[in-house]
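Asks: Heads up: take any position in the sequence shown, counting from 1, add 33, and you land on our numbering.
Quick reminder that beta carbons are idealized off the backbone N, C-alpha and C, glycines included.
Quick caveat, the model's predicted, so the values are computed rather than measured.
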Amino acid sequence: MKITKILVALSFLFAVTTANAGTLTVTGNMEATYQTDSGKTTGNPLGIDRELKFAGSTELDNGITVSVMQDTGDTLLFSNSQIAFSNDMGTLYIGSDSDPVDSIDDVTPSAYEEANGSGSGTYVDIGGSAGDTGLGIKVAVPYIGAVNYKFYPKADGSKNADNAASADTNADVGSANVVSIVTSLGDLPGAGVLSGATLTTGYAKVVNSNVASTDDETQLTAALNYAYGPVKFGYQKKYNNQGQTVGTTDAIFYKDDIIGVAYAVNDALSLSYNRYESKRHSNSAANVDQTTTAYNIGYAIGGMTIGFQSAETDNANFVNAAKDDTKTLGVSVAF
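Structure follows, in structure tokens:
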């Protein structure tokens, strides 16, 4: 089955032909932040985030566009990479970038950061296969929308060099299948009244243990976003069952609800209210609901954005009565 999936995807490439001269671009961003955390020792409140991305593309004589990318992390060491082949049918890609579910972990609108984007609260995100190397395909399906599917032959966290395999790295881990669909509801037949509404759904199945009598990791999400003039509203639900690695241990799972409401005062200034609630279900720990409420301000000046977030978390890290309240001021520049 795994071989069949790979062969079907590779057939998309047709034939290899000569290529025309390509292009190379370098983009990136840097952000400086000032953060305080009430009830904790702040220490030095200044922080820096930086990222570079190298991207290139060329076109083959048969009309297929070949593109490559390589980005870096905060330490400017190489991080994710990808090679993609595109034509009118869609895009076939290979690499450790573009995980379908990781990219939609929280798609509710915000003026600056997600509800927990500035470090208030400790949540368990979906899209845990991001960073693994896999084979994916992106296609546009009439009425359904943009479909992104990725198959990981071995979700063991390794990023192999060429002419290499991961062998027994995390030997008990199996494969993963991940898919996301983004549907513009206004494009559906007779649904013009829904113009401005977008439905985003995602599903991931990860064999995180080949041990007998263990459940696979399962992730589900659905988000409905609606834009009307300067106002954007979004509501998202997530289900994250982390599966089992030992058959006698019950799986821990989370049910999350996210709300985001953003208002564009003008072309430069935006305000938002964001709320993230996570319910943990575990047979070995106290099950309390962790909730973060955040207020954001964003101001864009060309390629520079100034953002502010005030976030308050109740039952932080799923500990009853624990608080984690942060205030963050950030200045980011894209180039």
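Between which residues of its own chain and SER311 is the CB-CB distance below 6 Å, once the five residues before and five after are set aside?
Replies: In the sequence shown, counting from the first residue as 1, residue 311 sits at position 278. Here the set comprises TYR156, TYR287, ASP289 and GLN323.
Asks: With a 10 Å radius around its C-beta and 16 neighbouring C-beta atoms as the bar for buried, classify PRO133 as buried or exposed.
Replies: Counted from its first residue, the sequence shown places residue 133 at position 100. Buried, because 16 or more other Cβ atoms sit within 10 Å of the Cβ of PRO133.
Asks: Excluding sequence positions up to five away, which residues of its chain have a Cβ less than 6 Å from the Cβ of SER153?
Replies: Taking the sequence shown and counting its residues from 1, one reaches residue 153 at position 120. Contacts found: THR325, ALA344, THR346, ASP357 and THR359.
Asks: Please report the distance separating the alpha-carbon of ILE97 from that of MET122.
Replies: Position 64 of the sequence shown, counting from 1, holds the residue named residue 97. Position 89 of the sequence shown, counting from 1, holds the residue named residue 122. The alpha-carbon atoms of ILE97 and MET122 are separated by roughly 10 Å.
Asks: Taking all protein chains shown into account, decide if GLY262 is buried (16 or more other Cβ within 10 angstroms of its Cβ) or exposed.
Replies: Sequence index remark: in the sequence shown, residue 262 carries index 229 (1-based). Counting Cβ neighbours within 10 Å, GLY262 comes out exposed, since fewer than 16 surround it.
Asks: Taking only three categories from DSSP, how would you classify GLY106?
Replies: The residue labelled residue 106 in the question sits at position 73 within the sequence shown. Reduced to three states, the DSSP call for GLY106 is coil.
Asks: With C-beta atoms as the reference, is ILE214 less than 7 Å away from VAL240?
Replies: Working through the sequence shown from its first residue, we reach residue 214 at position 181. Working through the sequence shown from its first residue, we reach residue 240 at position 207. Taking 7 Å as the Cβ cut-off, ILE214 and VAL240 do not qualify as a contacting pair.
Asks: Starting from the N-terminal side, write out each stretch of the alpha helix (DSSP H) that is 4 residues or longer and does not extend beyond the segment 334 to 358.
Replies: Here no run is fully enclosed.
Asks: What does the Cβ neighbour count give for ASP300, buried or exposed, with the cut at 16 atoms within 10 Å?
Replies: As a working mapping, residue 300 is identified with position 267 in the sequence shown. It is exposed - the Cβ of ASP300 has fewer than 16 other Cβ atoms within 10 Å.
Asks: In its own chain, which residues sit with a C-beta less than 7 Å from the C-beta of GLY76, not counting the 5 before and 5 after it?
Replies: Position 43 of the sequence shown, counted from the first residue, corresponds to residue 76. Correct list: empty, nothing qualifies.
Asks: Please tell me whether, using a cut-off of 6 Å, the distance from the CB of ALA255 to the nearest non-hydrogen atom of the ligand MG is below it.
Replies: The ligand MG is not part of the structure shown, which contains no ligands of any sort.
Asks: When DSSP labels each residue in this structure, what does LEU221 get in the three-state scheme?
Replies: Looking up residue 221 in the sequence shown gives position 188. LEU221 falls in the coil class under three-state DSSP.
Asks: Give a yes or no on whether the C-beta atoms belonging to TYR309 and ILE291 are separated by under 7 Å.
Replies: In the sequence shown, the residue the question calls residue 309 occupies position 276. In the sequence shown, the residue the question calls residue 291 occupies position 258. Yes, these two residues count as a Cβ contact at 7 Å.
Asks: For chain D, check one thing: does any of its Cβ atoms lie closer than 7 Å to the Cβ of THR325?
Replies: Of the protein chains in this structure there is only one, and it is not chain D.
Asks: Within a Cβ cutoff of 6 Å, which residues of the same chain sit near SER228, ignoring the five residues on either side of it in sequence?
Replies: As a working mapping, residue 228 is identified with position 195 in the sequence shown. Once the five neighbours on either side are set aside, the close Cβ partners of SER228 are GLY219.
Asks: Would you list the residues sitting across from PHE368 in a DSSP beta bridge?
Replies: In the sequence shown, the residue the question calls residue 368 occupies position 335. None, per the DSSP bridge assignment.
Asks: Taking ASN273 as part of the beta strand (DSSP E), name the residues at either end of that continuous run.
Replies: Counting from 1 along the sequence shown, the entry for residue 273 is found at position 240. Run containing ASN273: 264 to 274, per the beta strand (DSSP E) assignment.
Asks: Can you check whether the CB of GLY207 is closer than 7 Å to the CB of ASN243?
Replies: Locating residue 243 in the sequence shown gives position 210, where the first residue counts as 1. Locating residue 207 in the sequence shown gives position 174, where the first residue counts as 1. Cβ distance < 7 Å, so ASN243 and GLY207 count as in contact.
Asks: For ALA260 and ASP283, I'd like the C-alpha separation in whole angstroms.
Replies: On the sequence shown, residue 260 is found 227 positions in, with the first residue counted as 1. On the sequence shown, residue 283 is found 250 positions in, with the first residue counted as 1. Each residue's alpha carbon lies about 41 Å from the other.
Asks: Keeping to the same chain, check which residues put their C-beta closer than 7 Å to that of GLY336; ignore five residues upstream and five downstream.
Replies: For the purposes of this step, residue 336 is taken as the residue at position 303 of the sequence shown. Cβ neighbours of GLY336 beyond the five flanking positions: VAL366, ALA367 and PHE368.
Asks: Spatial neighbours of THR60 within its chain, please: CB distance less than 8 Å, with the 5 preceding and 5 following residues excluded, ordered by chain position.
Replies: What you label residue 60 is simply residue 27 of the sequence shown in a count that begins at 1. Around THR60: LEU85, LYS86, ALA88, ALA367 and PHE368.
Asks: So who's on the other strand from MET63, going by DSSP bridges?
Replies: As a position in the sequence shown, residue 63 is number 30, starting the count at 1. According to DSSP, MET63 bridges with ARG83 and VAL366.
Asks: Name the one or two DSSP bridge partners that ASN210 has.
Replies: In the sequence shown, residue 210 corresponds to position 177, counting from 1. Beta-bridge pairing links ASN210 to PHE184 and LYS238.
Asks: By the three-class DSSP mapping on this structure, what secondary structure does VAL134 have?
Replies: Position 101 of the sequence shown, counting from 1, holds the residue named residue 134. VAL134 falls in the coil class under three-state DSSP.
Asks: Given a cut-off of 7 Å, decide if SER129 and THR105 are closer than it, judged by their beta-carbon atoms.
Replies: Here residue 105 refers to the residue found at position 72 of the sequence shown. Here residue 129 refers to the residue found at position 96 of the sequence shown. No, Cβ-Cβ distance for THR105 and SER129 is not below 7 Å.
Asks: Using a 10 Å radius around the Cβ and a threshold of 16 neighbouring Cβ atoms, would you call LYS265 buried or exposed?
Replies: In the sequence shown, counting from the first residue as 1, residue 265 sits at position 232. Burial call: buried.
Asks: With distance defined between alpha-carbon atoms, name the residue in GLU64, GLN115, TYR126 and PRO142 nearest to ALA256.
Replies: If you number the sequence shown from 1, residue 256 lands on position 223. The shortest Cα separation from ALA256 among GLU64, GLN115, TYR126 and PRO142 belongs to PRO142.
Asks: Run the CB neighbour count on PHE351, radius 10 Å, all protein chains shown included, and call it buried at 16 or more, exposed below.
Replies: Within the sequence shown, the letter at position 318 stands for residue 351. It counts as buried.
Asks: Output yes or no for whether 7 Å exceeds the beta carbon distance between TYR236 and VAL212.
Replies: By one-based count along the sequence shown, residue 236 stands at place 203. By one-based count along the sequence shown, residue 212 stands at place 179. Contact flag set, yes.
Asks: Ignore the nearest five residues each way along the sequence and tell me which others in PHE118's own chain have a CB closer than 6 Å to its CB.
Replies: Numbered from its first residue, the sequence shown carries residue 118 at position 85. Hits under 6 Å: LEU46, ILE97, VAL99 and LEU125.
Asks: Go to ASP277, then tell me how far its beta strand (DSSP E) extends in each direction, as first and last residue.
Replies: Within the sequence shown, residue 277 is the residue found at index 244, counting from 1. Sequence check: residue 277 is Gln here, not Asp. Careful: GLN277 lies outside any beta strand (DSSP E) and carries neither H nor E.
Asks: Among the candidates ALA188, ILE137 and ASN149, whose CA atom is the shortest distance from the CA of ALA200?
Replies: Translated into positions along the sequence shown, residue 200 becomes position 167. Checked all of ALA188, ILE137 and ASN149; the closest Cα to ALA200 is ALA188.
Asks: If you run the structure through DSSP and keep just helix, strand and coil, what is VAL226?
Replies: Counting from one through the sequence shown, the residue named residue 226 turns up at place 193. Helix.
Asks: Distance check for GLU146 and GLY340, CA to CA, integer angstroms please.
Replies: Within the sequence shown, the letter at position 307 stands for residue 340. Within the sequence shown, the letter at position 113 stands for residue 146. Approximately 8 Å between the Cα atoms of the pair.
Asks: Near ASN386, which residues of its chain fall below 6 Å by C-beta distance, leaving aside the five closest residues on each side in sequence?
Replies: Because the chain is modelled from 34 through 368, residue 386 falls outside the range shown and cannot be assessed.
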